[in-house]
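Below is one structure, written out as structure tokens, with a few remarks after it.
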Amino acid sequence: VENVRLLDRLSSRKAALGTLYLTATHVIFVENGSETRKETWVLHSQISSIEKQATTASGCPLLIRCKNFQVIQLVIPQERDCHDIYISLIRLARPVKYEELYCFSFNPKLDKEEREQGWKLVDLKEEYNRMGIPNNYWQISDVNRDYGVCDSYPTEVYVPKSATAHIIVGSSKFRSRRRFPALSYYCKDNNASICRSSQPLSGFSARCLEDEQMLQAIRKANPGSDFLYVVDTRPKLNAMANRAAGKGYENEDNYSNIKFQFIGIENIHVMRNSLQKMLEVCELKSPSMSDFLWGLENSGWLKHIKAIMDAGIFIAKAVAEEGVSVLVHCSDGWDRTAQVCSVASLLLDPYYRTMKGFMVLIEKDWVSFGHKFNHRYGNLDGDPKEISPVIDQFIECVWQLMEQFPCAFEFNERFLIHIQHHIYSCQFGNFLCNSQKERRELKIQERTYSLWAHLWKNCADYLNPLYRSNHSQMQGTLCPQMAPCNFLYKFWSGMYNRFEKGLHPRQSVTDYLMAVKEETQQLEEELEVLGERLANLQKSQLSYNKVKSKQQDQSKQLGLSTSNNSLANTPQEYSNDLKSFPSRSPSQGDEEDSALILTQDNLKSSDPDLSANSDQESGVEDLSCRSPSGGGCLPSEDSGKDSDEAVFLIV
Amino acid sequence: MEFAELIKTPRADNVVLHRPFYLAVEGTLCLTGHHLIFSSRRQDNAEELWLLHSNIDSIEKRFVGSLGTIVIKCKDLRIIQLDIPGMEECLNIASSIEALSTLDSVTLMYPFFYRPMFDIVEDGWVSFLPDQEFELLTSVTDEWRLSCINKEFSICPSYPPVVIVPKSIDDEALRKVAMFRHGSRFPVLSYYHKKNGMVMMRSSQPLTGTNGRRCKEDEKLINATLRPGKRGYIIDTRSLNVAQQARAKGGGFEQEAHYPQWRRIHKCIERFNILQESLIKLVEACNDQSHNMDRWLSKLEASNWLTHIKEILTAACLAAQCIDREGASVLVHGTEGTDSTLQVTSLAQIILDPRCRTIRGFESLVVREWLQAGHPFQQRCAQSAYSNSKQKWEAPVFLLFLDCVWQILRQFPCSFEFNEQFLIMLFEHAYASQFGTFLGNNENERSKLKLPQKTMSLWSWVNRSEELSKFQNPLFEANSLVIWPSVAPQSLQLWEGVFLRWNRPSKFLDEAHEEMINIIKYNKELQAKVNALRRQLAEMETDDRMQENL
């Protein structure tokens, strides 16, 4: 469809005219006129809602909201075209079969071997070995081979040595969806562990001997402690209500030596609504400070984030400081339990704060334990009530921790944003389906590619320059301040207003430091070369010309150090009054913009290393200029050029 | 008066000091004329706390048996608690602190007694003189002149002796304009934008009154700043409503009819007690120990502090936009032209002028746009967030300005030569200091107090390399462009470095900062090494070649 206008949400003055294309996998908007022909690609799987608004004189507006928090506003001249697009998109955005998803057609041009290598990058067996398991207390159990006991669990589960198959099966029958207690994290130093399960089917009075034995076995696997914490991550009221349905929580009287604890994290429906409310605040056009803060508070989002963090902190403290094992569950044990176990692991073990370790953590606590990615993130058309930002919250918890502990993580914010993006993109097979069983049936590993390998390949983009493996913040358990710490939780504009670059810091400290570090490395190398050359020169005095020519090469390299990461940006609309001022010549502002573009382009070509943060409003974002070290906050996503541009709105 | 009279108990032993995030320490408390000194008795790492009495905002005392407790709340927002055994000692100490922290006379303040322990390399009192500023200006334009009309502070008591005005306006005209402006603050040059020759002027409100008085010289003066055929903007920092009400009291605003080449924009910035109350509420919220997230956000919202930040930044951005993008000159004023006006003109310069983002340039900006421009520091900074006085003239105007600078710094972390610590240091010294820089309400008062002769300038201390190194931003790379900050709520944050400074553990953030410095330091060392080696190589080469030629 031609003559479509793409509106800029922040500035009503600016709209781009262009052509809209629909393909099997993407919506593409190509801008007219400008030499670069700016393109905006949106994956169908990223579309969360499409809204057709009342036709106006200028055309028919179409609002597309994406799961990665991008909002696209189009105006289509013909009502009929708009309707057609609307109908097509509705169909395309809600595939009914897995085979329709992008990962089955996405081809990054890797050969079979590379693909298999990619899937082997994260190996959970290796991970449990790293924790020191199997050992005298814990073993791998094959009780769930062929998914016979629990179809949402992995085939390989780790359980206490003293828990026989009989106990496991008995316990599983007493647990919601048969999700029996299994090991999530084991602390080598003091034998304390984190186990996870679903709620017991206790109703008002039911009990189960095997389940009681199971908990006892977990407690005994930690000989240093004489009790076990059982943490129910639901609000007490919700848990009690569940009793009426024959579910519920553990009765301290029936289990020997447990301490039972509620931690009130709300359910997926509350979280979904909370996010919805917060996004409404993010979408407000020029909100006042009060609108924003009031809306943020009213959404309750940060309160929920804090609840999850508090639960994680409680468990980490129990394990690290008290040396007590913890069993965590919620209702089904695949949402809140996953959040809380992974936050606790992250606090406890520096390994999970490395890039590789973080991949392992998601694979362990989310993918393998049957977090319902398909339902929660709406990959296939399904019940909208199943959708909820569960893993988004976990990712935000990590970001909040990164803000408090800037040197503690090997990866940076961009890494988190990319993982979030790909959880929804369906471009890689990792997060397809609801369980390991389904993924195996679909032969995901043979038919799609692994995100982890893709991220690993580009790991230089995701490094936190402040990270040092021997830094004190990398040692041992992180202890976030428990109280008073409300103000430590902040709104994450880098995620929720991610596509409005105008709102973000215009210069990135991370990118700057990465560039410095890169240069430092070059200097180190050069120092070595120069040292050698000097030694050689001192020994034998040969071929001066050669040395000289090489020397010139290096001075070119060193020019980087003085490079300037200056940037261009333009004012926002600070006042509506200005628009109507008669003396303003319309071309004037534009001329200045283009003048700035020129400066910036010059800068870019002269310093490839420090990428200038391009500004949306001056319209200088140019894909071809994107440098390996970053290019602002919107990075290259994929290796294939198609998909590379696919995911971003280049405003 | 002797300070000794006020100090009945100069010393108390077995005092216990409580501070958030530190273990309680036992030690000795001493009172001197200007300081409260606490030193721990532990010999291994004897710890000392020196607190200026003038830094104390309020003091509370309570007793449990014979153990007295004093809670001291400081202007830099810190709160400490001292447990003092002995009812009489405690009462004496409390009343001494109360008296010493609220001395009436400026000349009893510490700056008049302070003797520096460092060598003075450069006298800060003469570091930033108007003549130097004017010299810079004459190198780019000859349309302006220095006027000494206010030499004896006879025309305008809150202006400095010399001001920059359009060349075409003589002193006689200035005298008439001064009569037409509130407090005689006639329009003067605040900033000249080299890129396009546009200027920013500042003044106070015109005294139009209800019958629309006009002043031909005033119109002529501000029109003299316009290029032929060009228009300008008047940014009034009051709402239209407030500006209209001001007419009843003899004030007012420029009528379109009399100033046809100017377009007036009203950008409301709050003043006085509204700001003071905002600060009090904000600090109260930051000190709230409850675990409830909702309460924190609603208290933060209710304080309106960030709303004020947004308003001030928006007005400053607008002024900068008019100058740089619209190519128009700007006149900024509110009522008196000593508060919100200065916030706008100084922030606009930070946006427009790269020089203001250097340490020296920023110091010069503070001197020009705040001290010489007559911001009444002594009145505004007499009390801070813990005061319960209902004086009308206290307001965190300067702190809001520093906060806005911090917001821009956060958005452009590589464009400023100074760091957050520099801004925090200025905040502290504006409220309590051993230096005379921020004493008095204007140049007139400062010269009467003979501050340059009798006290030390803050700049003499700051601008020594030992101190400067603490305030330098390791990420700084000169950025010659105009920097446009975002004023969206998502982009504005609470300035934790000031408001949560004493309520949060800063260890991990400090470590990060240190790491940053190390990364850059190492890089610079390597560069130096490589350059040295290269030079050595080059020398050897030429030597060799010479030998060869021989």
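For the protein sequence lines, the chains are A and B, in the order given.
Counted from 1, the first sequence has number 541 at position 541 by the numbering used here; the numbering is strictly sequential.
Heads up, the numbering used here is the position in the second sequence plus 1000, with the first residue counted as 1.
The beta-carbon is built from N, C-alpha and C at its ideal position, and this holds for glycine as well.
Exercise. Using DSSP bridges, identify the partner residues of Trp41 of chain A.
Key: The count along the first sequence starts at 1 and reaches residue 41 of chain A at position 41. In the DSSP output, where bridge partners are listed per residue, Trp41 of chain A has A:Ile28.
Quiz item: Would Asn1055 of chain B pass as a contact of Tyr1431 of chain B if the rule is Cβ separation under 8 Å?
Solution: Translated into the one-based positions of the second sequence, residue 1055 of chain B becomes position 55. Translated into the one-based positions of the second sequence, residue 1431 of chain B becomes position 431. Contact: yes.
Quiz item: Over what stretch of residues does the beta strand (DSSP E) that includes Asn1014 of chain B continue unbroken?
Solution: Counting from 1 along the second sequence, the entry for residue 1014 of chain B is found at position 14. Segment 1011 to 1018, the beta strand (DSSP E) holding Asn1014 of chain B.
Practice problem: Select from the segment 1219 to 1251 of chain B all residues with a C-beta closer than 9 Å to any C-beta belonging to chain A, and list them in chain order. | Solution: Gly1229, Lys1230, Arg1231, Tyr1233
Quiz prompt | Cβ-based contacts, 9 Å cut-off: residues of the segment 1477 to 1502 of chain B near chain A | solution = Glu1477, Ala1478, Asn1479, Ser1480, Leu1481, Val1482, Ile1483, Trp1484, Pro1485, Ser1486, Val1487, Ala1488, Pro1489, Gln1490, Ser1491, Leu1492, Gln1493, Leu1494, Glu1496, Phe1499, Leu1500
Quiz prompt | Close beta carbons around Tyr128 of chain A, own chain, < 7 Å, minus the five adjacent residues each side | solution = Position 128 of the first sequence, counted from the start, is the residue given in the question as residue 128 of chain A. So the qualifying residues of the chain are Tyr158.
Exercise. Would you tell me roughly how many angstroms separate the C-alpha atoms of Val1 of chain A and Thr19 of chain A, rounded to the nearest one?
Key: Start at 1 with the first residue of the first sequence, and residue 1 of chain A comes out as number 1. Start at 1 with the first residue of the first sequence, and residue 19 of chain A comes out as number 19. Computed Cα separation, rounded: 6 Å.
Quiz item: Under 8 Å between the Cβ atoms of Ile1059 of chain B and Ile1097 of chain B?
Solution: Along the second sequence, one-based indexing puts residue 1059 of chain B at 59. Along the second sequence, one-based indexing puts residue 1097 of chain B at 97. For Ile1059 of chain B and Ile1097 of chain B, yes; Cβs fall inside 8 Å.
Quiz item: Using a C-beta to C-beta distance shorter than 7 Å, which residues of chain A count as neighbours of Cys1268 of chain B?
Solution: The residue labelled residue 1268 of chain B in the question sits at position 268 within the second sequence. What Cys1268 of chain B touches in chain A: nothing, since even the nearest Cβ is about 12 Å away.
Quiz item: For Leu1282 of chain B, which residues of its own chain have a beta-carbon under 6 Å away from its beta-carbon, when the five flanking residues on both sides are left out?
Solution: Numbered from 1 along the second sequence, position 282 holds the residue referred to as residue 1282 of chain B. Same-chain partners within the cutoff: Ser1303, Trp1305.
Self-check item: Among A:His422, A:Gln473, A:Glu438, nearest to Trp452 of chain A - alpha-carbon criterion
Solution: As a position in the first sequence, residue 452 of chain A is number 452, starting the count at 1. Residue A:His422 is the option with its Cα nearest to Trp452 of chain A.
Practice problem: Can you tell me which of the three DSSP states Phe358 of chain A falls into? | Solution: Start at 1 with the first residue of the first sequence, and residue 358 of chain A comes out as number 358. In the structure shown, Phe358 of chain A sits in a helix (DSSP, three-state: H, G or I).
Exercise. Leaving out five residues on either side along the sequence, give the residues of the same chain with a beta carbon under 8 Å from the beta carbon of Lys247 of chain A.
Key: As a first step, residue 247 of chain A must be located in the first sequence, where it is residue number 247. Excluding residues within five positions, the ones whose Cβ falls inside 8 Å are Ser176, Gln199, Pro200, Leu201, Ser202, Gly203, Ser331.
Quiz item: By a C-beta neighbour count over all protein chains shown, 10 Å radius and 16 as the cutoff for buried, is Tyr1022 of chain B buried or exposed?
Solution: Within the second sequence, numbered from 1, the residue matching residue 1022 of chain B stands at position 22. It is exposed - the Cβ of Tyr1022 of chain B has fewer than 16 other Cβ atoms within 10 Å.
Quiz item: Between the segment 271 to 282 of chain A and chain B, which residues of the former have a C-beta closer than 8 Å to a C-beta of the latter?
Solution: Cys282
Quiz item: Could you give the uninterrupted runs of the alpha helix (DSSP H) lying entirely in the segment 1113 to 1167 of chain B, keeping only those of 4 residues or more?
Solution: 1130 to 1138
Practice problem: Mark Phe1118 of chain B as exposed unless 16 or more other C-beta atoms lie within 10 angstroms of its C-beta, in which case mark it buried. | Solution: Indexing the second sequence from 1 puts residue 1118 of chain B at position 118. Phe1118 of chain B comes out exposed.
Quiz item: Going by Cα to Cα distance, which pick from B:Arg1355, B:Gln1321, B:Leu1313 is closest to Leu1342 of chain B?
Solution: Along the second sequence, read from residue 1 onward, the residue named residue 1342 of chain B stands at position 342. It is B:Leu1313.
Exercise. Please report how far the alpha carbon of Trp1262 of chain B lies from the alpha carbon of Lys1194 of chain B, in whole angstroms.
Key: By one-based count along the second sequence, residue 1262 of chain B stands at place 262. By one-based count along the second sequence, residue 1194 of chain B stands at place 194. Distance between the alpha carbons of Trp1262 of chain B and Lys1194 of chain B is about 21 Å.
Quiz item: Comparing alpha-carbon positions, which option in B:Ser1415, B:Glu1336, B:Asp1104, B:Ala1528 lies nearest Pro1187 of chain B?
Solution: The count along the second sequence starts at 1 and reaches residue 1187 of chain B at position 187. Nearest C-alpha to Pro1187 of chain B: B:Glu1336.
Exercise. Give a yes or no on whether the minimum CB-CB distance between Ile1519 of chain B and chain A is below 8 Å.
Key: Against the second sequence, residue 1519 of chain B aligns to sequence position 519. Interface residue, yes.
Quiz prompt | Host alpha helix (DSSP H) of Gln1349 of chain B (start-end) | solution = The residue labelled residue 1349 of chain B in the question sits at position 349 within the second sequence. Looking at the DSSP string, the run of the alpha helix (DSSP H) that includes Gln1349 of chain B is 1340 to 1352.
Quiz prompt | Short Cβ contact (8 Å threshold) for Pro223 of chain A with Asn191 of chain A | solution = In the first sequence, residue 223 of chain A corresponds to position 223, counting from 1. In the first sequence, residue 191 of chain A corresponds to position 191, counting from 1. A contact, by the Cβ cut-off of 8 Å.
Quiz item: Can you tell me the Cα-Cα spacing of Glu1005 of chain B and Arg1446 of chain B, whole angstroms?
Solution: Counted from its first residue, the second sequence places residue 1005 of chain B at position 5. Counted from its first residue, the second sequence places residue 1446 of chain B at position 446. Near 28 Å, if we compare the C-alpha coordinates of Arg1446 of chain B and Glu1005 of chain B.
Exercise. Could you check if Val4 of chain A is buried or exposed, using at least 16 other CB atoms within 10 Å of its CB as the buried criterion?
Key: In the first sequence, residue 4 of chain A corresponds to position 4, counting from 1. Val4 of chain A should be labelled buried.
Quiz item: Whole alpha helix (DSSP H) runs in the segment 424 to 510 of chain A with 4 or more residues, listed along the chain?
Solution: 436 to 442, 444 to 447, 451 to 457, 493 to 496
Exercise. Compute the Euclidean distance between the alpha carbons of Phe104 of chain A and Glu438 of chain A, then round it to the nearest angstrom.
Key: Residue mapping note: residue 104 of chain A aligns to position 104 of the first sequence, counting from 1. Residue mapping note: residue 438 of chain A aligns to position 438 of the first sequence, counting from 1. Each residue's alpha carbon lies about 15 Å from the other.
Quiz item: Between Pro608 of chain A and Met514 of chain A, what straight-line distance do the alpha-carbon atoms span, to the nearest angstrom?
Solution: Your numbering for residue 608 of chain A matches position 608 in the first sequence. Your numbering for residue 514 of chain A matches position 514 in the first sequence. Confidence is the limiting factor: at Pro608 of chain A the pLDDT is only 27, short of 50, which leaves the residue's position unreliable and the question unanswerable from this model.
Quiz prompt | Length of the line joining the Cα atoms of Ser472 of chain A and Ile1519 of chain B | solution = For the purposes of this step, residue 472 of chain A is identified with residue 472 of the first sequence, where counting begins at 1. For the purposes of this step, residue 1519 of chain B is identified with residue 519 of the second sequence, where counting begins at 1. Cα to Cα, Ser472 of chain A sits roughly 16 Å from Ile1519 of chain B.
Quiz prompt | Inter-residue CB distance, Leu1449 of chain B and Leu1458 of chain B (contact presumed, cutoff 8 Å) | solution = Indexing the second sequence from 1 puts residue 1449 of chain B at position 449. Indexing the second sequence from 1 puts residue 1458 of chain B at position 458. Their Cβ separation, rounded to whole angstroms, is 15 Å, which puts Leu1449 of chain B and Leu1458 of chain B out of contact at 8 Å.
Quiz item: Under three-state DSSP, which class holds His1258 of chain B?
Solution: Within the second sequence, numbered from 1, the residue matching residue 1258 of chain B stands at position 258. Coil.
Quiz item: Does the Cβ of Cys1148 of chain B have 16 or more other Cβ atoms within 10 Å, making it buried, or fewer, making it exposed?
Solution: Here residue 1148 of chain B refers to the residue found at position 148 when the second sequence is read from its first residue. So Cys1148 of chain B ends up on the exposed side.
Self-check item: Where Trp1050 of chain B falls, given that 16 or more other Cβ within 10 Å makes a residue buried
Solution: If you number the second sequence from 1, residue 1050 of chain B lands on position 50. So Trp1050 of chain B ends up on the exposed side.
Quiz item: What do you get for Val148 of chain A, buried or exposed, if any count of 16 or more other CB atoms within 10 angstroms of its CB means buried?
Solution: If you number the first sequence from 1, residue 148 of chain A lands on position 148. For the record, residue 148 of chain A in the displayed sequence is Gly; it is not Val. Exposed: under 16 other Cβ atoms inside 10 Å.
Practice problem: Name the residue from B:Tyr1192, B:Phe1418, B:Ser1203 whose alpha carbon lies nearest to the alpha carbon of Asp1142 of chain B. | Solution: Residue numbering aside, residue 1142 of chain B sits at position 142 when the second sequence is read from its first letter. Per the Cα distances, B:Tyr1192.
Exercise. Specify the secondary structure class of Pro1489 of chain B as computed by DSSP and reduced to three states.
Key: Here residue 1489 of chain B refers to the residue found at position 489 when the second sequence is read from its first residue. If DSSP states are grouped into helix, strand and coil, Pro1489 of chain B belongs with the helices.
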